[in-house]
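Student: In terms of my numbering, the sequence shown has 116 at position 111, counting the first letter as 1, and numbering is strictly consecutive. A virtual CB, placed ideally from N, CA and C, is assigned to each residue, including glycine. A single structure is presented below for examination.
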Amino acid sequence: MPLVFLKTFGCQMNVRDSEQVLQDFVEKGYTISPSEKLSDIILINTCSVRAMAEDKAIDKMLSLKGLKDKNPSIVLGIIGCMAQNRGEEIAKKYPFIDLILGTQKFHKVAEIADQIYRNPRRQQCYIDLSEEANSQNTITKHLAKKRQAVAYVSIMQGCSMHCAFCIVPTTRGEERSRPVSEIFEEAQSLTANGVKEIVLLGQIVNRYGAKEFSWKNGKSPFVQLLEQLSTLKTLERLRFTSPHPIGFKEDLIRALKEIPQLCEHVHIPVQSGSDRILKAMRRGYTRSKFLQLIEKLRKEIPDIALSTDVIVGYPGETEEDFLQTCSLLEEVQFDNAFIFRYSPREGTPAANLTEQLSEDIKFERNYQLLEIQNAITLKKSQRLVGQTVEILVEGESKKKAEKFQGRTRTNHLVIIPKNERWRGELLPVKILQTTGHTFYGIPILSGFDDQPASDQIEQISSAR
């Protein structure tokens with residue numbers, strides 16, 4: 006059977022799109038390869054949200070040219086956001102690429118790549134960046150996985166917010182949502198096959214159905230969807246990512262409080278603590294409004310864990326603006342924050358601003374903010390040491406395959422010893438150590454909970 010290899014860069018939505026692509030290949034008789042070196046078809050699913058993401062994809066693409074030179078029958082393809090944004094340029098600049106498909110064509114990748122593979126005489130790069138009606142309804146297939154615990158479900162595509170720095174409306178198109186019935190059927194099938202946690206994906210997930218469906222009984226289409234999914238009897242956990250602050254209304258806060266499957270964690274991007282920069286970014290809220298939302302969330306769900314995204318070095322950001330962001334992190338005390346240096350994206354309003362900051366300033370501010378957040382994260386994480394928490398065991402640790410990893414309902418990553426019986430299961434785990442972002446623990450089960458603490462720590466230390 007022919008072999009296919011797919012390298013994915015970027016967000017969880019890209020991961021989900023890649024799963025759809027690979028399942029289509031499996032249905033055509035292909036085997037998924039762990040390495041590009043032995044593969045007949047090699048694909049790169051790309052990201053355009055920052056220059057670094059594009060650079061990584063281009064570097065990977067160039068590294069594959071040697072394989073193509075040695076074996077011209079190999080099919081090389083670029084798909085996803087960078088393909089959508091720069092597809093014509095890539096086709097001209099890198100003529101060894103056989104296939105370039107945009108973000109509304111994931112469901113056609115396997116079919117077209119297979120045609121090229123079986124017709125090696127094709128001379129020109131196949132490129133399709135066109136829009137396609139109802140493409141949001143095509144990301145529905147899942148790869149079969151051993152005792153799968155967690156599954157991503159794409160509920161919408163695109164974004165209509167048009168923040169000044171963001172390329173997503175260009176690469177993903179305007180927002181459009183799937184019908185509730187189709188999402189429910191997909192989730193029902195997943196849980197019937199053993200999946201315990203579903204993560205709903207959307208660029209601004211709480212705007213689900215804003216254009217297609219109506220509010221009912223004071224509830225947004227998104228909350229209506231959450232309530233419908235909560236009727237699945239075998240669904241243990243439900244998450245969503247990522248919401249936007251301006252769409253985070255009282256009905257969603259109530260849902261987080263009242264729907265038992267909804268996990269006590271929200272990732273809610275703030276981007277800046279400065280009102281002046283927030284306005285320039287076209288975010289649609291103020292620092293005060295954001296803090297009010299955080300206050301409401303913590304009042305209604307006291308144990309909720311909060312994470313965020315922050316951009317430093319936005320055009321025109323002064324030292325005072327930056328200090329406002331620092332003070333916001335200190336005030337909110339996020340459990341985690343993903344901090345990024347501003348990266349100009351061609352075609353966005355922010356890229357045309359004249360007050361672009363130097364890379365040195367961006368690096369320095371990024372470092373300072375990381376220092377602040379890492380201290381906060383470590384302090385908060387240390388409170389869990391010695392406590393028993395419930396984790397859902399996802400499978401092998403990404404850093405050490407001889408260990409398992411799982412997550413708490415508050416999205417804390419926990420490393421435990423590997424035991425196949427625990428794969429896909431909910432386990433009580435005693436936390437023994439933390440590095441801040443990662444926890445190490447022992448399941449409270451026969452054979453572990455009665456061990457001396459020194460023996461437990463020795464086992465955990467071997468995982469680090």
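1) According to the Cβ coordinates, are L334 and I377 closer than 9 Å?
2) Can you give me the start and stop residues for the alpha helix (DSSP H) that A310 sits inside?
3) So if DSSP puts Y503 in a beta bridge, which residue, or which two residues, is it bridged to?
4) Can you check which of these residues, N198, V173, C164, is closest to Q153 by C-alpha distance?
5) Using beta-carbon positions only, say whether R242 and R414 come within less than 9 Å of one another.
6) When the Cα of N139 is compared with those of R288, T108, A115, which residue comes out closest?
7) Would you kindly report the start and end of the unbroken alpha helix (DSSP H) that includes Y122?
8) Give a yes or no on contact between the region 377-393 and the region 198-212, applying the rule of three or more CB pairs nearer than 8 Å.
9) Is DSSP giving K435 helix, strand or coil here?
10) Which of helix, strand or coil does DSSP assign to Y35?
11) With a threshold of 16 other CB atoms inside 10 Å of the CB of M6, please say whether the residue is buried or exposed.
12) Could you spell out the range, first to last residue, of the alpha helix (DSSP H) harbouring F227?
13) Suppose contacts are defined by Cβ-Cβ distances below 9 Å. Is D326 in contact with R288 by that definition?
14) Work out the CA separation of V271 and L8 for me, nearest whole Å.
15) For D340, which of C331, T439, N379 has the nearest alpha-carbon?
16) Going by DSSP, what residues sit across from V80 in a beta bridge?
17) From the DSSP output, which residues share a beta bridge with R244?
18) Do the CB positions of L27 and I83 come within less than 9 Å of each other?
19) Measure the C-alpha to C-alpha separation of T149 and G34 and round it to an integer number of angstroms.
20) Taking 8 Å as the threshold, find out whether the region 390-399 comes into contact with the region 359-366 through three or more Cβ pairs.
21) Could you check if I436 belongs to the surroundings of the ligand SAH, using beta carbon to heavy atom distance under 8 Å?
22) On the three-state DSSP scale, how would you describe T353?
23) Of the choices K367, I105, V114, Q266, whose alpha-carbon is the least far from that of E24?
24) Residue range of the alpha helix (DSSP H) that A285 falls in?
25) Report, in whole angstroms, the separation of the C-beta atoms of N90 and N50, which I expect to be a contact under 8 Å.
26) Output yes or no for whether 9 Å exceeds the beta carbon distance between N424 and F444.
27) In terms of residue numbering, what span does the beta strand (DSSP E) encompassing F343 cover?
28) State the DSSP-derived secondary structure class of F444, mapped to helix, strand or coil.
29) Answer with buried or exposed for H112, where buried requires no fewer than 16 other C-beta atoms within 10 angstroms of its C-beta.
30) Ends of the alpha helix (DSSP H) at Y372?
31) Count the other CB atoms within 10 Å of the CB of F14; is the residue buried (16 or more) or exposed (fewer)?
32) Quick one, are the C-beta atoms of V155 and E401 less than 9 Å apart?
33) On the CB-based measure, 16 or more other CB atoms within 10 Å of its CB, does R183 come out buried or exposed?
34) Please name the residue, chosen from M166, D308, P226, L374, that lies closest to G178 on a Cα-to-Cα basis.
35) Pair every Cβ in the region 63-83 with every Cβ in the region 95-103, then say whether three or more of these pairs are closer than 8 Å.
36) Can you find at least 3 beta carbon pairs, one from the region 317-332 and one from the region 246-263, that sit closer than 8 Å?
Tutor: Here's the rundown:
1) Yes, the Cβ-Cβ distance between L334 and I377 is below 9 Å.
2) Boundaries for A310: no alpha helix (DSSP H) harbours it, while the beta strand (DSSP E) harbouring it runs 310-317, taken from the DSSP string.
3) It is not possible to answer for residue 503, since the shown part of the chain is limited to 6 through 469.
4) Ranked by Cα distance from Q153, the options N198, V173, C164 are led by N198.
5) Contact: yes.
6) Considering only R288, T108, A115, the residue with the shortest C-alpha distance to N139 is T108.
7) Taken as a continuous stretch (DSSP letters only), the alpha helix (DSSP H) holding Y122 covers 114-123.
8) Because the criterion of three Cβ pairs below 8 Å is not met, the region 377-393 and the region 198-212 do not touch.
9) Three-state result, K435: strand.
10) Of the three classes helix, strand and coil, the one that applies to Y35 here is coil, per DSSP.
11) So M6 ends up on the exposed side.
12) Boundaries of the alpha helix (DSSP H) around F227: 226-234.
13) Between D326 and R288, the C-beta spacing is not below 9 Å.
14) Spanning the two alpha carbons is a distance of roughly 39 Å.
15) Considering only alpha carbons, the answer is N379.
16) Note: V80 sits in a beta bridge opposite I46.
17) Under DSSP, R244 shares a beta bridge with V204.
18) Not in contact: L27 and I83 (Cβ atoms no closer than 9 Å).
19) The question names Thr, yet the displayed sequence has Ala at residue 149. Between the C-alpha atoms of A149 and G34 there is a straight-line separation of about 14 Å.
20) Contact between the region 390-399 and the region 359-366 is absent, because fewer than three Cβ pairs lie under 8 Å.
21) With respect to small molecules bound, the structure shown includes none, and the ligand SAH cannot be examined in it.
22) Note: T353 maps to coil in three-state DSSP.
23) Nearest option by C-alpha distance: V114.
24) In the DSSP annotation of this structure, the continuous segment of the alpha helix (DSSP H) that includes A285 starts and ends at 280-286.
25) That pair is no contact at about 13 Å.
26) Cβ atoms of N424 and F444: not closer than 9 Å.
27) Note, F343: beta strand (DSSP E), 341-346.
28) F444 falls in the strand class under three-state DSSP.
29) Around the Cβ of H112, a 10 Å sphere holds 16 or more other Cβ atoms; the residue is buried.
30) It spans 364-386 - the alpha helix (DSSP H) in which Y372 sits, taken as one unbroken run.
31) The residue in question, F14, is buried, as its Cβ has 16 or more Cβ neighbours within 10 Å.
32) Contact: no.
33) Buried, since its Cβ has 16 or more Cβ neighbours within 10 Å.
34) The candidate whose alpha carbon is nearest that of G178 is M166.
35) The region 63-83 makes contact with the region 95-103; the number of CB pairs closer than 8 Å reaches 3 or more.
36) Verdict: no, contact absent.
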